[in-house]
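Undergrad: Respectively, the protein sequence lines represent chains A and B. Numbering follows the working numbering, in which position 418 of the first sequence is assigned residue number 1277; successive positions increment by one, without gaps. Numbering follows the working numbering, in which position 52 of the second sequence is assigned residue number 126; successive positions increment by one, without gaps.
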Amino acid sequence: MAVAEQRPIAAPETCYHCGEPVPAGVSLFVDIDGQARPMCCPGCRAVAGLIAGSGLDSFYRRRSSYSERPGEPADTAGEYRVYDDPELAGDFSSSNADGSVSARLLLGGISCAACTWLIEQALSRVPGILAASVQLQHSRLDLRFDPARIPLSEIFARVEALGYRPQPFRADTRREQLSREYRADLRRLGVAGFGMMQVGMFAVALHAGDLQGIEEQYRGLLRGFSLLVSGFVVYYAAGIFFRTAWRHLRQGALVMDLPVALAIGLAWLASAWATLTGSGQVYFDSVVMFTFFLLLGRFLEARVRRHYALAWFDVEAALPDAVSVRHEGQWVTRPRRLLRPGDRVLVRPGQTVPADASVVDGIGAVREDTFNGEHLPRTVHPGETIYAGSVNVESALQADVLVDFAHSRLAALQQSVDAARSGKPKLARLADRIAGWFVAGVLLLTAGTAAVWLQLDPSRALWVSLSVLVISCPCALALATPAALTAAAASLRSAGVIVRGENALESLGRCTHLLFDKTGTLTEGSLAVERVLVLGDCDARELLELAAGLQQFSNHPISRAFANTPANTAFAQVVHIAGAGLEGEYDGLRYRMGSAAFCRALCPVLPEPPEEPLYWVAMCREEQPLAWIGFSDPTREEAPAVIAAARAAGVRVGMLSGDSSPRAAQLAAELGIEVTGSGLQPQEKLRRLRELQDAGAVVAMVGDGLNDAPVLGAADASFAVAGATDLARAQADFVLAGDLGGVTRSWGKARACRRIILQNFAWALGYNLLAIPLAASGHVPPWAAAIGMSLSSLLVVTNSLRLHRSGVAAPEVLRG
Amino acid sequence: MDSLYLLIPVALLFVGLGIKLLLWAIDSGQYDDLDKEASRILNDDDAPGDETREKQ
């Protein structure tokens, strides 16, 4: 208990598979590596059992982060069957000459290299699969299989059984562009590396020659070849700096690439001039080394970001690929994309509604958390509209499609996500703000030096001013930011936070507001029994057993609250009355559980539900009220600590909720935060955020659902919690793999990172201040300049690596 | 020392060849997934997938 008191966030027992706390009352275990490991839910147990049962337990030793908690076990195998039609699978698979088929699947839920190993191992044992290779960077599975021995739908099902979410991988322009950019970066880096080695070799000879003397002839030869090689490197590898600097300069912005391009360009030109005229000094080695290290720093930084770029997950992926359509009097399975307005579709319980449609037959309930974040369903009757992306929870519905996907409410959500992303305020990077001053300063100094030397000794003026430019070469300055960001991102990753956003770490440290979504973010996102108000003569335990017995027959979200309650299995003739509740017979008496009106029909004396803002469900038997059972969505236990830490750091904490019930206000009061808005549609959430931003606030947002995606995209820094939808993850700057405490950890790391960046700048500028006067007075030979530059860069990189040590952030978690 | 006039161009020829090989390797996708390759060496058994990579 002593340990638990010190660390209130740490749960007594966490799921061995997904790392989430094991809920009280759950006792699920899987034998892994000869030990019984606790599991938090049947989903995790199924996945872990399959992994261990296939002899792949070593996955758990290899992995570097927890797996994702698998979703509710759903009957999706039938849905995948549409992909067995070669025509439909044509846009992500192709037939080979030998009769085998190659296919590409996009996988959700891949978190580390061990996942790729697991999937490859598990699939390669399946007869009929000829080759399987997972690309971690693109979360892509490349398959070659024999369609005569195994259908594609079976492969989909097997991947899903391992706890990942497969979907067809369809090429899109953005993805292609990312992969093209990555290769271009790598090509530049490779060329710069080769060039650096060559020119470095020549430079050793030249420097040795400077010290012990060298014949003019050979010096010219070595310089000439250095000129050739470095010229190629500058043209091929450093070209990007010139282009970026020029592009920004035309818009009137001084960016870091400008001093970089100036230093590279002028140093190379001056050296070329020296080579051709056989006078002065050459800096070819500095030029290529600088280019290489800079490209390396940026490559690593981009790799960290690109690794988790999930931009290709879009809302449409949430919809089923196969739907049941009425065709000539029969229900046939058709690809969703062939749906036309007017088609009649059948949506079975548990399925996602494929299109905006008008209900024509059946009374049911749909969960619309896509649009409002809430898990309690809305009852629908014939004539009412159901929206694509919501989930049918109760009974089968028949509906007529109203509009195609492009005009659906879900597509409108996607549009606002895209709009939010592009409208995101760009906080100027620290490096770029400093760069402006730096460039101006260096240019002024150089001009000053030239002016002074023209008076003293006109023959040396050119060379001295050039050496000022070269020595102020901002290598350390340019490395300061990428090195620190890369180190901080790597360190956060081992703490269970994946950093995706471009400037997220820089902007997070400056946030003034922290906003939370309610359901699924501050709360667990699932209902639990909170209160039992006994009205009859049964005791509470007996009542819950009765309730669990009835709820076994239901798909409604409240039935999950009873998943771990021992159920009374003696109920007979249980019927589910859509939109009302459940009725069953036990011991010769009829029992009902559901809405007040529904229960009053059986037992008119049922009193009104209590005032407390809970979700109340009545229970009664013939002529006798039994209980009011109050459900609520429990608060995540680590939430108060996160909020307290944020407030201690002077950040205002608020809540943006799609829920309009009094529960939102109650929860906010409980946690002591202000309600910034409740009952909000995704677009309204976005508007609230924009209002805050327009008023000058820098806002961080934490959310989980599809409905949070636009806000997450627009916030200055955003977090997606564990269990968030793919689209929310794709929009968030940080993805939390564990509990909400990751928000506090990221915040601490962001501040530590900012401090390290400032230290790096201070050192880089200090070095320049020291070296420039020496250069201006004509005292710095090229080899000294080269050594100084390398040491200075090395120092900046070493300093940044300190972020990797957990000690930097831990003691002062949130104080900046 | 006159051999330098021959040796340096020969060395540069090799460098050119090396760069060409590297660019070919990058373009054929061999460097597309650096993370997985880094951990592949730690796997005690042969990981499959070598065939598919050549096909890309």
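Just so you know, even glycine gets a beta-carbon here, dropped at the ideal spot from N, CA and C. As the structure is a prediction and not an experimental result, all values here were calculated from the model.
Assign Ile868(A) to one of three DSSP states: helix, strand, or coil.
TA: With a pLDDT of only 37 at Ile868(A), under the threshold of 50, the placement of this residue in the model should not be trusted; the figure read from the coordinates follows. Ile868(A) falls in the coil class under three-state DSSP.
Undergrad: Thinking just about the alpha-carbon of each residue, which of Ser1636(A), Arg1613(A) and Ala1630(A) is nearest to the one in Asn1658(A)?
TA: Cα-wise, what sits closest to Asn1658(A) is Arg1613(A).
Undergrad: Between which two residues does the alpha helix (DSSP H) carrying Pro1200(A) extend?
TA: Counting along the chain, Pro1200(A) falls outside any alpha helix (DSSP H), and DSSP gives it neither H nor E.
Undergrad: I'd like to know whether the C-beta of Tyr1077(A) is nearer than 8 Å to at least one C-beta of chain B.
TA: For Tyr1077(A), the answer is yes, since a Cβ of chain B falls inside 8 Å of its Cβ.
Undergrad: Considering just the uninterrupted stretch of the beta strand (DSSP E) at Val1557(A), what are its terminal residues?
TA: Premise fails: Val1557(A) is in no beta strand (DSSP E) and is neither H nor E.
Undergrad: What runs of the beta strand (DSSP E), each 3 residues or longer, lie entirely inside the region 1375-1409 of chain A?
TA: With a minimum length of 3 residues, the continuous beta strand (DSSP E) runs that stay inside the region 1375-1409 of chain A are 1387-1393.
Undergrad: Here's the rule I'm using: 16 or more other beta-carbon atoms within 10 Å means buried, otherwise exposed. How should Leu1289(A) be labelled?
TA: Burial call: buried.
Undergrad: Identify, in the order they occur along the chain, each residue of the same chain with its Cβ nearer than 6 Å to the Cβ of Arg1024(A), setting aside the five sequence neighbours on each side.
TA: The answer, listed in chain order, is Gly967 and Gly968.
Undergrad: Is it right to say Gln1432(A) is buried, meaning 16 or more other beta carbons lie within 10 angstroms of its own, or is it exposed?
TA: Its Cβ having fewer than 16 others within 10 Å, Gln1432(A) is exposed.
Undergrad: Leaving aside the five residues before and after Ala1556(A) along the sequence, list all residues of the same chain whose C-beta is less than 7 Å from its C-beta, in chain order.
TA: Within the same chain, Ala1556(A) has close Cβ partners Thr1371 and His1372.
Undergrad: Alpha carbon to alpha carbon, what distance is there between Glu1497(A) and Thr1308(A)?
TA: Going from the Cα of Thr1308(A) to the Cα of Glu1497(A) covers about 60 Å.
Undergrad: With 9 Å as the limit, tell me which residues of the region 1496-1516 of chain A have their beta carbon closer than that to any beta carbon of chain B; keep them in chain order.
TA: Here the close residues number zero.
Undergrad: Of all Cβ atoms in chain B, is any one closer than 8 Å to the Cβ of Glu864(A)?
TA: Note on Glu864(A): pLDDT 35, under 50, position unreliable in the model; no value is reported.
Undergrad: Helix, strand or coil: how does DSSP classify Thr1150(A) here?
TA: DSSP places Thr1150(A) in helix when its eight states are reduced to three.
Undergrad: Using 8 Å for Cβ pairs, my map puts Met1514(A) next to Thr1535(A). What's the rounded Cβ distance?
TA: Right, their Cβ atoms sit about 6 Å apart.
Undergrad: At a CB-CB cut-off below 8 Å, which residues of chain A make contact with Ser102(B)?
TA: Near Ser102(B) there are no residues of chain A at all, since even the closest Cβ is about 10 Å away, more than 8 Å.
Undergrad: Starting from the C-beta of Val1250(A), find all residues in its chain whose C-beta is less than 6 Å away, skip the five residues before and the five after it, and write them out in chain order.
TA: Excluding residues within five positions, the ones whose Cβ falls inside 6 Å are Thr1211 and Arg1226.
Undergrad: Express the C-alpha separation of Ile93(B) and Ile100(B) in angstroms, rounding to a whole number.
TA: Cα to Cα, Ile100(B) sits roughly 10 Å from Ile93(B).
Undergrad: Mark Thr1244(A) as exposed unless 16 or more other C-beta atoms lie within 10 angstroms of its C-beta, in which case mark it buried.
TA: So Thr1244(A) counts as exposed.
Undergrad: At the 8 Å Cβ level, is Gly1666(A) part of the contact set with chain B, yes or no?
TA: Only weak support exists for where Gly1666(A) lies, its pLDDT of 45 falling under 50; the coordinates are left without a value.
Undergrad: Look at Leu1213(A) and Arg1237(A) and say whether their C-beta atoms are less than 8 Å apart.
TA: Going by the sequence as given, residue 1213(A) is Pro instead of Leu. It is not a contact, given that the beta carbons lie outside the stated cut-off.
Undergrad: Comparing C-alpha positions only, which one of His1638(A), Val881(A) and Leu1374(A) sits nearest to Ser816(A)?
TA: There is simply no residue 816(A) to check, as chain A begins at 860 and stops at 1675 in what is shown.
Undergrad: So what does DSSP say about Pro1472(A), is it helix, strand or coil?
TA: Reduced to three states, the DSSP call for Pro1472(A) is coil.
Undergrad: Going by beta carbon distance, what residues of the same chain come within less than 6 Å of Leu1336(A), once the five residues before and after it are set aside?
TA: Ala1623, listed in sequence order.
Undergrad: Taking C-beta pairs closer than 7 Å, name the residues in chain A that Val84(B) reaches, listed in chain order.
TA: Simply none; closest approach about 12 Å.
Undergrad: Do Lys1544(A) and Pro1521(A) count as a contact pair if the criterion is CB distance below 8 Å?
TA: Not closer than 8 Å, so no.
Undergrad: For Leu78(B), return the contacting residues in chain A, with the cut-off set at a CB-CB distance below 7 Å.
TA: Simply Tyr1077 and Leu1080.
Undergrad: Could you work out which residues of chain B lie near Val1050(A), taking near to mean beta carbons separated by less than 7 Å?
TA: In chain order: Ile93.
Undergrad: Does any C-beta atom of chain A lie closer than 8 Å to the C-beta of Leu97(B)?
TA: Chain A, which has a Cβ nearer than 8 Å to the Cβ of Leu97(B), makes this yes.
Undergrad: Comparing the C-beta of Thr975(A) with each C-beta of chain B, is any distance below 8 Å?
TA: Answer yes: the Cβ-Cβ gap between Thr975(A) and chain B drops below 8 Å somewhere.
Undergrad: From what residue to what residue does the beta strand (DSSP E) around Ala1181(A) run?
TA: First-last of the beta strand (DSSP E) with Ala1181(A): Ala1181 to His1186.
Undergrad: Give the straight-line distance between the Cα atoms of Gly1675(A) and Leu108(B), rounded to the nearest whole angstrom.
TA: Any reading at Gly1675(A) must be qualified, since the residue scores a pLDDT of 34, below 50, and its modelled position is unreliable; the value itself is stated next. Approximately 35 Å between the Cα atoms of the pair.
Undergrad: For a minimum of 3 consecutive residues, which ranges assigned as the beta strand (DSSP E) are wholly contained in the region 954-1015 of chain A?
TA: Taking only runs of at least 3 residues, the beta strand (DSSP E) segments lying wholly in the region 954-1015 of chain A are 960-967, 988-994 and 999-1004.
Undergrad: Taking contact to mean 3 or more Cβ pairs, one atom from each stretch, closer than 8 Å, check whether the region 1585-1598 of chain A and the region 1298-1305 of chain A are in contact.
TA: Verdict: no, contact absent.
Undergrad: What residues from chain B crowd round Leu1681(A), counting only those whose CB sits closer than 8 Å?
TA: Chain A is shown only over 860 to 1675; residue 1681(A) falls outside these bounds and no answer can be derived.
Undergrad: Hey, could you find the ends of the beta strand (DSSP E) Ile1417(A) is sitting in?
TA: Element bounds for Ile1417(A): n/a, residue is neither H nor E.
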